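Chemist: Below is the structure I would like to discuss, written out as structure tokens.
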Amino acid sequence: MEITRFQVDGKLAELQIDPQTPLLWALREQLGLTGTKFGCGMALCGACTVHVDGNAVRSCVTPISAVANKRVTTIEGLSNDRSHPVQRAWLQVQVPQCGYCQPGQMMSAAALLAVNTNPSDEDIDNAMAGNLCRCGTYARIRKAIHVAAELARSGK
Amino acid sequence: MTLLSRRFFLFGAGVCLPVLFVGPSLLLPRSSVFAQTNSTNNEMSLRAFRAVASVLTSPRCLNCHSSSDGPLQGDDNHPHAMNVRRGVDGKGSAALRCFACHQTENGKALHSPPGAADWQLPPLKTPMAWKSLSTGELCRTLKDPAKNGNRSLQDLIPHMDTSLVRWAWNPGPGRSLPPLSHDEFVSRLKEWIATGAACPE
Chain A
1 MEITRFQVDG KLAELQIDPQ TPLLWALREQ LGLTGTKFGC GMALCGACTV
51 HVDGNAVRSC VTPISAVANK RVTTIEGLSN DRSHPVQRAW LQVQVPQCGY
101 CQPGQMMSAA ALLAVNTNPS DEDIDNAMAG NLCRCGTYAR IRKAIHVAAE
151 LARSGK
Chain B
1 MTLLSRRFFL FGAGVCLPVL FVGPSLLLPR SSVFAQTNST NNEMSLRAFR
51 AVASVLTSPR CLNCHSSSDG PLQGDDNHPH AMNVRRGVDG KGSAALRCFA
101 CHQTENGKAL HSPPGAADWQ LPPLKTPMAW KSLSTGELCR TLKDPAKNGN
151 RSLQDLIPHM DTSLVRWAWN PGPGRSLPPL SHDEFVSRLK EWIATGAACP
201 E
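As they're listed, the protein sequences go chains A and B. Under our numbering, the first sequence has 110 at position 110, and the numbering climbs by one with no breaks. Under our numbering, the second sequence has 14 at position 14, and the numbering climbs by one with no breaks.
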């Protein structure tokens, strides 16, 4: 079986597994990064969202072969010290209820803010529509994204 | 039979027999022959385009050539779940890009995301929106470089051979196929172009 090399949260990973293995399971089972959650397994809920080369992707349907030589960022790698504006905003607004979907929500929010530093409600709704929350924390998610955008813009 | 009359008989037969075999068109004035040829070409072209249109208006094409600001799904052309947007480049909005879910191959499970290389909608600048167009409107849209991505008629042929277009004939489980085979579709497209690319009213 061939070896797939890629970067995860700034560190080199080399995995000798089936190239069709979903990235989600490589992260959770091979690398022990369990912050990324399994929700539906069919790219329908967004719980498994990570970044590949800065773009939000659903790791449950992304084969490990698709990330060869690429840069993967998980919720564990968003920052080393909870200093990312999204992490700070999520704490400030106290977004989570059960929390299961929140890693995916935060990774999508971070991907949005990377390309849009001052998103409107509509921009947020469009970007976050693929991340489901059965607790219904959508209003707090939207508020937290506005807070995170303000934190990032102010450089605080 | 005298030599003269024998010659006349042979010469006359040599002229008349081909006329009998090729039909009455040779007996018409030149302008009428052209008119008849043009009319025949026009009919062939219209027939060819109707066949082409049957594919272009199938769900596999129409769901991305939608007239809304986002893709459609399924054989009933319902709006894509998750409020997916076209985006400026046709590849989705920030943080919800097409490739977030669509890989370069189909998902194997029923209802899992289909996939092909370069999965996208037409870009915002030239959305190539076909839904709700009449066959004539669809034809004129397809021919207009301002509305077809700045393509000549000849440029349409290689577009139909891209992996994304070819995906329509390998759409994964639970999705219907276009009404013609890919070979027949391309053949009818070429025929439409070769016969003058006529459009229905």
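Each residue gets a CB set at the ideal place from its N, CA and C atoms; glycine is no exception. Just so you know, these numbers come straight off a predicted model, no measurement behind them.
Say whether chain A places a C-beta atom closer than 7 Å to the C-beta of B:Asn83.
Modeler: yes
Chemist: Within 10 angstroms of the Cβ of B:Asn42, are there 16 or more other Cβ atoms? Answer buried if so, exposed if not.
Modeler: Around the beta carbon of B:Asn42, fewer than 16 other beta carbons lie within 10 angstroms, which makes this residue exposed.
Chemist: Does B:Ala100 have its Cβ less than 7 Å from a Cβ in chain A?
Modeler: Cβ-Cβ to chain A under 7 Å: yes for B:Ala100.
Chemist: Cβ closer than 9 Å: which chain B residues qualify as neighbours of A:Asn55?
Modeler: Ala95, Arg97, Phe99 and Ala100
Chemist: For B:His111, return the contacting residues in chain A, with the cut-off set at a CB-CB distance below 7 Å.
Modeler: Met42
Chemist: Taking the beta carbon of A:Ser108 as the centre, do at least 16 other beta carbons fall within 10 Å, making it buried, or is it exposed?
Modeler: buried
Chemist: In three-state terms, what does DSSP make of A:Gly77?
Modeler: Correct three-state label for A:Gly77: helix.
Chemist: If you check the beta carbons only, do B:Cys101 and B:Gly92 fall under 7 Å apart?
Modeler: no
Chemist: Can you check which of these residues, A:Thr36, A:Gly46 and A:Gly99, is closest to A:Val72 by C-alpha distance?
Modeler: A:Thr36
Chemist: Terminal residues of the continuous beta strand (DSSP E) containing A:Lys11?
Modeler: Lys11 to Leu15
Chemist: Excluding the 5 residues preceding and the 5 following B:Leu110 in the sequence, name in chain order all residues of the same chain whose CB lies nearer than 8 Å to its CB.
Modeler: Short of 8 Å from the beta carbon of B:Leu110, and not among the five residues preceding or following it, lie these beta carbons of its own chain, in chain order: Pro173 and Gly174.
Chemist: Is there at least one Cβ from chain B nearer than 7 Å to A:Gly136's Cβ?
Modeler: At a cut-off of 7 Å between beta-carbon atoms, A:Gly136 makes no contact with chain B.
Chemist: Taking A:Asn116 as the query, report the chain B residues whose CB atoms sit under 7 Å from its CB, ordered along the chain.
Modeler: Ala94
Chemist: When the distance is taken between beta carbons, is A:Leu112 closer than 7 Å to B:Ala116?
Modeler: no
Chemist: By alpha-carbon positions, which one of B:Ser187, B:Arg86, B:Asn150 and B:Lys131 ends up nearest to B:Leu121?
Modeler: B:Arg86
Chemist: Would you verify that the beta carbon of A:Arg153 is, or is not, closer than 7 Å to some beta carbon of chain B?
Modeler: no
Chemist: Buried or exposed for B:Thr162, going by 16 or more other Cβ atoms inside 10 Å?
Modeler: exposed
Chemist: So what does DSSP say about B:Phe8, is it helix, strand or coil?
Modeler: Since pLDDT at B:Phe8 reaches only 40, below the 50 mark, its modelled position is unreliable, and the value read off the structure follows with that caveat. The answer is helix: DSSP assigns B:Phe8 an H, G or I state.
Chemist: In terms of DSSP beta bridges, what is A:Thr117 paired with?
Modeler: DSSP output for A:Thr117 lists no bridge partner at all.
Chemist: Quick check on DSSP: helix, strand or coil for B:Gly92?
Modeler: strand
Chemist: Are three or more beta carbon pairs between the stretch 183-198 of chain B and the stretch 46-58 of chain B nearer than 8 Å?
Modeler: As far as the Cβ criterion goes, the stretch 183-198 of chain B touches the stretch 46-58 of chain B, which means the pair count is three or higher.
Chemist: Measuring CA to CA, which of A:Arg134, A:Asp125 and A:Gly130 is closest to A:Ala144?
Modeler: Distance check between A:Ala144 and each of A:Arg134, A:Asp125 and A:Gly130 places A:Asp125 closest, using alpha-carbon atoms only.
Chemist: If B:Ala197 sits next to B:Lys143, beta carbons under 8 Å apart, how far is it from one beta carbon to the other, in whole angstroms?
Modeler: 6 Å
Chemist: For the beta strand (DSSP E) containing B:Arg140, name the first residue and the last one.
Modeler: Not the beta strand (DSSP E): B:Arg140 falls in the alpha helix (DSSP H), residues Thr135 to Lys143.
Chemist: Exposed or buried, B:Arg188, counting other C-beta atoms within 10 Å across all chains shown (16 or more means buried)?
Modeler: buried
Chemist: For B:Pro24, which residues in the same chain have their Cβ closer than 8 Å to its Cβ, ignoring the five residues on either side in sequence?
Modeler: In this prediction, B:Pro24 scores a pLDDT of 46, lower than 50, which makes its location untrustworthy; the coordinate-derived value is nonetheless stated afterwards. Excluding residues within five positions, none has a Cβ falling inside 8 Å.
Chemist: Indicate whether at least one CB of chain B lies closer than 7 Å to the CB of A:Gly130.
Modeler: At least one chain B Cβ lies under 7 Å of A:Gly130.
Chemist: Taking only the alpha-carbon atoms, compute the straight-line gap between B:Gly136 and B:Asn38 and give it to the nearest angstrom.
Modeler: 19 Å
Chemist: State buried or exposed for A:Ile3, treating a residue as buried only when at least 16 other CB atoms are found within 10 Å of its CB.
Modeler: Around the beta-carbon of A:Ile3, fewer than 16 other beta-carbon atoms lie within 10 Å, marking it exposed.
Chemist: Figure out for me which residue from A:Leu151, A:Leu23 and A:Gly99 has the closest Cα to the Cα of A:Ala89.
Modeler: A:Leu151
Chemist: Spatial neighbours of B:Val186 within its chain, please: C-beta separation below 6 Å, excluding the five flanking residues on both sides.
Modeler: Met160
Chemist: Have a look at B:Arg6 and B:Gln36 and give me their C-alpha separation to the nearest angstrom.
Modeler: Any answer about B:Arg6 is weak, because its pLDDT of 47 lies below 50 and its placement is not dependable; what the coordinates show is given next. When rounded, the distance between both Cα atoms is 37 Å.
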